[in-house]
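J.: Please find one structure pasted underneath; my questions will follow.
Numbering (my numbering), first residue to last: -1 to 204.
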């Protein structure tokens, strides 16, 4: 159990912006700053890796390696970009490296829970009330359609729709032009419309 002073210090860190925390960690090696960043982003990075890799164990490894990179190479970060953009870039590169090491992607993208629902997100505490919304036929169809997208289209769409990144941030994370990001997302959305059109028509005929 934390001492009152340590608890108060940790709470004060929670109010600070990402860039403030990483700078304080770089300058003072204060682990409270690192703990705050980890708690703030662990679920986001894990979910991103899970969507890209389709395997929980691999996603957990990438998440660990991502924060290990932050721990070991914290001086690499420069305030020229948002911290979240930098962290997602690290996570994406780790995902790409892991995919390259595979002979082929696993045949299963999702795990199923006790109710036989396919799981996509790891639930954060504040999102617990929304978990039932994920257990719908429509959401499962969308997930399966996303699986069929080309890798870059899938990455761009996931960053945009599930992590609320703007085009500039996605451009930095994927190391490509702003125009290419727009094209990738446009094509991904168009492909999803095609994949989901039969499902929509079936719903209209019910």
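Ideal Cβ positions, reconstructed from N, Cα and C, are used throughout, including at glycine.
1. Which residues in the same chain as residue 229 place their Cβ atom closer than 6 Å to its Cβ, once the five residues preceding and following it in sequence are excluded?
2. With residue 163 as the anchor, note down where its alpha helix (DSSP H) starts and where it stops.
3. Per DSSP, what kind of secondary structure is residue 19 in: helix, strand or coil?
4. Roughly how many angstroms lie between the CA atoms of residue 21 and residue 68, to the nearest whole one?
5. Using 8 Å for Cβ pairs, my map puts residue 180 next to residue 160. What's the rounded Cβ distance?
6. Measuring alpha carbon to alpha carbon, tell me which residue in 25, 65 and 170 is nearest residue 38.
7. Decide if the region 42 to 60 is in contact with the region 69 to 76; the criterion is three or more beta carbon pairs, one per stretch, under 8 Å apart.
8. State the start and end residues of the unbroken alpha helix (DSSP H) segment that holds residue 47.
9. Please state the DSSP three-state secondary structure of residue 193.
10. In three-state terms, what does DSSP make of residue 107?
11. Using a threshold of 9 Å, state whether the C-beta atoms of residue 194 and residue 52 are closer than that.
T.: A quick look at the data gives this:
1. Here the chain has residues from -1 to 204 only, and residue 229 is not among them.
2. By one-based count along the chain shown, residue 163 stands at place 165. Run containing residue 163: none; DSSP gives neither H nor E here.
3. Position 21 of the chain shown, counted from the first residue, corresponds to residue 19. Helix at residue 19.
4. If you number the chain shown from 1, residue 21 lands on position 23. If you number the chain shown from 1, residue 68 lands on position 70. Taking the straight line from one Cα to the other gives about 12 Å.
5. Mapped onto the chain shown, residue 180 falls at position 182. Mapped onto the chain shown, residue 160 falls at position 162. Contact flag wrong, Cβ pair sits at about 18 Å.
6. Looking up residue 38 in the chain shown gives position 40. Among 25, 65 and 170, the Cα nearest to that of residue 38 is on 65.
7. Contact fails: fewer than three Cβ-Cβ distances are below 8 Å.
8. Position 49 of the chain shown, counted from the start, is the residue given in the question as residue 47. Membership of residue 47 in the alpha helix (DSSP H) is indicated by the continuous run 29 to 51.
9. Translated into the one-based positions of the chain shown, residue 193 becomes position 195. Taken through DSSP and simplified to helix, strand or coil, residue 193 comes out as helix.
10. Locating residue 107 in the chain shown gives position 109, counting from the first residue. Caution applies to residue 107, whose pLDDT of 40 falls short of 50 and renders its modelled position unreliable; the value that the coordinates give is listed next. Residue state for residue 107 is assigned as coil, using DSSP reduced to three classes.
11. Position 196 of the chain shown, counted from the first residue, corresponds to residue 194. Position 54 of the chain shown, counted from the first residue, corresponds to residue 52. Judged by their CB atoms, residue 194 and residue 52 are not nearer to each other than the 9 Å cut-off.
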